[in-house]
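In the numbering used here, the protein residues as written are 6 to 95.
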């Protein structure tokens, strides 16, 4: 990979847009799971006999959603570090 050109504001904006695309699917899926998990935990009090199962599923969705969001952050950081390394090692 080549080092990004950060010489002017337009180039910086292009690189930021490029970085936003890295891990985007994982980040969006994680966000959706966090929202669904929070709703599931909230609705568990109204679910009657199914309440404990709904609550468990909500907490599982919260955990998996946060794990996906952290994975997306890791992917973006790793991508940025690779891009910022000098490409001409010989």
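In this text, a Cβ means the ideal position worked out from N, Cα and C, and glycines have one as well.
Computed from a predicted model, the values in this text were never measured in an experiment.
Through-space distance from residue 49 to residue 21, alpha-carbon basis: 40 Å
Same chain, Cβ closer than 6 Å to residue 78, neighbours up to 5 away in sequence not counted: none
Neighbourhood of residue 81 by C-beta distance below 8 Å, restricted to the same chain and skipping five residues each side: 24, 27 and 28
Extent of the continuous alpha helix (DSSP H) to which residue 1 belongs: There is no way to answer for residue 1, as the model of the chain reaches only from 6 to 95.
Within 8 Å, strictly: CB atoms of residue 39 and residue 67: yes
Closest Cα partner of residue 76 within the set 18, 46 and 31: 31
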